[in-house]
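**Student:** Okay, so the sequence shown: first residue is 28 according to my numbering, each after it adds one.
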Amino acid sequence: MPNGAQALMKTLADAGIEVCFSNPGTSEMHFVAALDDEPRMRAVLALFEGVATGAADGYARLADKPAATLLHLGCGLGNGLANLHNARKGRVPVVNIVGDHATYHMPLDAQLQSDIETVARNVSPGFVRTSMRTGDLCRDAVDAVVAARGLPGQVATLILPADVSWGEGATPAAPPAPMAPAGADADTVADIAKLLAGGGRTALLLGGRALREPALVSAGRLAARFGVTLLAEVFPTRLERGAGLPPVERIAYLAELAGVQLAEFEHLVLVDAKAPVSFFAYPGKASELVPAGCQVHTLCRPDQDAATSLQALVDATGAGGSAPALQPASRPARPRGRLTAEKVCKAVGHLLPERAIIVDEAITSGLMLGLMTAGGPRHDLITLTGGAIGQALPNAVGAAVACPDRPVIALVGDGTAMYTLQALWTMARENLDVTTIIFNNASYSVLNVELERVGAERIGPKARSQLDIGGPRLDFARLAQGMGVHAVRADTAEAFAHALEYALAHPGPHLIDAVVPESLGGAKRRVLPWLLRTLPRLPPTVARALKRKLAP
């Protein structure tokens with residue numbers, strides 16, 4: 028009879044879990060040993076738990092099924108919590124396996140003893156279970172897989188005590204049956220169909236799986252038939268975009284700009300999305316962004332299938348014969364001169380390869396990325412769904428493992444890169460086809476912007492120093508080389524474009540340290556709060572034009 032870990036490994040593989048992103052410790056050694064007994068399970072080592080959890084998130088976004096993590100006790104889970112938070116907010120399926128002390132050792136309150144279940148419920152509210160008997164372990168694992176991969180996807184945490192892992196007499200459990208989530212019910216579809224036929228300024232707000240090609244095409248047909256506007260959540264889990272697909276306009280990050288986008292609508296229809304709210308609270312400003320007088324309707328919830336729901340709406344309205352507007356093919360010119368963040372985005376748009384996966388955590392430096400890549404070859408875009416920085420590099424690891432035949436481009440701010448820089452080592456170890464672009468502006472630029480927006484008074488040198496990472500200035504090329512990644516530094520557009528061409532032509536991990544000024548620095552940063560305050564008083568056409576200028 029296999030021990031618990033061996034039976035668990037077979038159960039996970041039978042259920043379609045093919046990758047485990049791990050950072051193990053003593054309590055997990057029997058699980059580690061069992062990896063050699065299961066050829067279907069790939070093991071990818073991370074040097075920090077936040078890399079393992081973020082990689083599992085990125086993998087699932089592209090593979091459309093969960094990977095497993097292996098974490099060491101409550102402290103290891105705590106180290107990985109931020110990227111599990113991002114996965115939870117993105118409704119991404121992850122099977123989170125956390126080792127624990129042997130059941131008889133728990134009452135002794137050893138140094139690493141902690142309340143793992145309480146920690147896990149922050150990111151795994153729908154499924155947390157400690158498997159206390161070897162005989163129950165595999166059934167618990169199947170329950171975790173079912174919970175993770177249903178709609179909406181979620182982080183399912185299974186806590187594995189050491190003696191349950193090494194215990195004899197385990198029996199692998201049969202894999203769960205495939206699930207086919209239903210779409211919106213007929214009455215809801217009929218109500219939304221009537222709403223669209225009735226006219227009025229209406230927008231469809233698409234999120235989750237509504238931003239994949241089949242759902243986008245159906246939404247495009249509705250837009251063509253009824254003149255509705257297609258909007259996307261500010262931070263999509265995964266957005267399919269590029270030439271030949273219906274374009275959607277993402278809600279702006281800054282609440283004032285989002286207010287300009289939404290001001291004209293009388294109806295907002297949610298499709299696998301939630302009503303938009305401000306990222307943070309600000310003195311004297313509304314947290315809910317839906318304007319007064321705009322009615323919010325729901326076509327389908329996150330636990331319903333978006334593509335099926337939109338197709339049912341197309342059928343109910345007779346929009347099937349309407350041709351959706353498609354993004355025309357276009358590329359920006361090759362940039363020249365002194366390197367700026369905008370020119371980095373321009374070079375990415377100029378050289379973007381077919382079927383690329385873009386992982387965007389460029390924060391303020393990436394403001395022009397969407398515009399510069401809109402007409403490029405079809406690609407997938409992954410964004411910072413939960414706002415906990417340090418997601419992009421681990422997500423890129425997972426995306427490259429899920430899609431080894433597709434190039435991955437990760438665009439990352441210098442401050443956020445330092446949260447999970449260890450991901451570069453995993454890229455080198457696994458020889459992953461990831462090109463990392465670091466916007467090295469020596470500042471937490473977005474926080475400088477927020478410092479102005481929240482109305483903080485007496486902003487002096489001590490406050491400014493907390494948002495300045497220029498002393499000493501980080502040398503990402505050398506840091507990457509120290510972890511086995513080919514890397515160069517560029518401070519001209521010509522040098523950057525050449526480096527990007529080389530990276531895309533030579534599969535494997537590369538890093539470009541792009542030395543750029545702040546996108547929203549100096550006078551721009553000082554005037555931005557004033558511009559945002561004036562938006563509600565401007566004529567709508569002027570406000571919309573200003574929004575497109577600030578955040579296209």
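All C-beta atoms in this analysis are idealised placements derived from N, C-alpha and C, irrespective of residue type, glycine included. Just so it is clear, the structure is predicted and the values come from calculations on it, not from any experiment.
Less than 7 angstroms between the beta carbons of Lys373 and Pro351, yes or no?
**Tutor:** no
**Student:** Report the residue from Leu222, Lys92, Met56 whose alpha carbon sits nearest the alpha carbon of Asp127.
**Tutor:** Met56
**Student:** Based on DSSP bridge pairs, tell me the residues matched to Ala183.
**Tutor:** Val122
**Student:** Please state whether DSSP places Val46 in a helix, a strand or coil.
**Tutor:** strand
**Student:** Answer with buried or exposed for Pro488, where buried requires no fewer than 16 other C-beta atoms within 10 angstroms of its C-beta.
**Tutor:** exposed
**Student:** Roughly how many whole angstroms lie between the Cα atoms of Ala426 and Asp432?
**Tutor:** Straight-line Cα distance between these residues: approximately 11 angstroms.
**Student:** Of the choices Ala334, Val435, Val476, whose alpha-carbon is the least far from that of Ser392?
**Tutor:** Val476
**Student:** Among Pro534, Ile539, Ala246, whose alpha-carbon lies nearest the alpha-carbon of Ala526?
**Tutor:** Ile539
**Student:** Skipping 5 residues on each side, what residues in its chain have a beta carbon closer than 7 angstroms to that of Met399?
**Tutor:** The answer, listed in chain order, is Pro359, Cys372, Lys373, Val375, Gly376.
**Student:** Following the continuous beta strand (DSSP E) through Glu267, name the residue where it begins and the one where it ends.
**Tutor:** 266-268
**Student:** Please say whether Asn422 and Gly153 have beta carbons closer to each other than 7 angstroms?
**Tutor:** no
**Student:** Could you give the distance in angstroms between the alpha-carbon of Glu45 and the alpha-carbon of Pro241?
**Tutor:** 26 angstroms
**Student:** When DSSP labels each residue in this structure, what does Thr367 get in the three-state scheme?
**Tutor:** coil
**Student:** Determine the direct distance from the alpha carbon of Ala444 to that of Ile385, and round the result to whole angstroms.
**Tutor:** Separation of Ile385 and Ala444 (C-alpha to C-alpha, rounded to the nearest whole angstrom) is 16 angstroms.
**Student:** Please work out which residues of its chain come closer than 6 angstroms, Cβ to Cβ, to Gly364, disregarding the five sequence neighbours upstream and downstream, and give them in chain order.
**Tutor:** Ala520
**Student:** Within the chosen definition, does the region 246-256 reach the region 304-312 through at least 3 CB pairs nearer than 8 angstroms?
**Tutor:** Judged by Cβ distances under 8 angstroms, the region 246-256 makes no contact with the region 304-312, as fewer than three pairs qualify.
**Student:** By the DSSP assignment, the alpha helix (DSSP H) with Val173 in it spans what residues?
**Tutor:** 161-176
**Student:** Helix, strand or coil for Thr198? Go by DSSP, reduced to three states.
**Tutor:** coil
**Student:** Scan the region 279-341 and note each continuous beta strand (DSSP E) run of 3 residues or more that stays entirely inside, going in chain order.
**Tutor:** Qualifying beta strand (DSSP E) stretches, in chain order: 294-298, 322-327.
**Student:** Whole angstroms is fine: what's the gap from Gln508's alpha carbon to Leu223's?
**Tutor:** 56 angstroms
**Student:** Any contact between the region 131-139 and the region 165-175? By contact I mean 3 or more CB pairs, one from each, below 8 angstroms.
**Tutor:** no
**Student:** Out of Asp63, Gln418, Val554, Pro208, state which residue places its alpha-carbon closest to the alpha-carbon of Thr463.
**Tutor:** Of the candidates Asp63, Gln418, Val554, Pro208, the residue whose Cα lies closest to the Cα of Thr463 is Gln418.
**Student:** Pick helix, strand or coil for Ser156, following the three-state DSSP scheme.
**Tutor:** For the sequence presented, residue 156 should be read as Arg rather than Ser. Looking at Arg156 - three-state DSSP - the assignment turns out to be strand.
**Student:** By alpha-carbon positions, which one of Ala270, Asp63, Pro120, Ala572 ends up nearest to Gly397?
**Tutor:** Ala270
**Student:** Between the region 452-460 and the region 68-75, do at least 3 Cβ pairs fall closer than 8 angstroms?
**Tutor:** yes
**Student:** Kindly list the residues whose CB is nearer than 6 angstroms to the CB of Ala114, restricted to its own chain and excluding five residues on each side of it in sequence; keep chain order.
**Tutor:** Asp84, Val121, Val182
**Student:** Evaluate Asp495 with the Cβ neighbour count: other Cβ atoms within 10 Å of its Cβ, from every protein chain shown; 16 or more gives buried, anything less gives exposed.
**Tutor:** exposed
**Student:** Work out the CA separation of Glu457 and Ile465 for me, nearest whole Å.
**Tutor:** Their Cα atoms are separated by approximately 21 angstroms.
**Student:** Strictly by DSSP, which residues pair up with Ala541?
**Tutor:** Phe466, Ala517
**Student:** Please classify Ile486: is it buried, with 16 or more other beta-carbons within 10 angstroms of its beta-carbon, or exposed?
**Tutor:** exposed
**Student:** Could you check what DSSP says for Gly440 in three-state terms: helix, strand or coil?
**Tutor:** strand
**Student:** Extract the residue ranges of the alpha helix (DSSP H) inside the region 392-467, only unbroken runs of 4 or more that lie entirely within it.
**Tutor:** 396-400, 419-429, 441-444, 450-457
**Student:** How about Val275 and Ala285: do their beta carbons lie closer than 7 angstroms?
**Tutor:** For Val275 and Ala285, no; Cβs fall outside 7 angstroms.
**Student:** Within a Cβ cutoff of 7 angstroms, which residues of the same chain sit near Val341, ignoring the five residues on either side of it in sequence?
**Tutor:** Shown here for Val341: same chain residues with a beta carbon closer than 7 angstroms to its own, the five before and five after excluded, namely Ser245, Arg248, Leu249, Gly347 in chain order.
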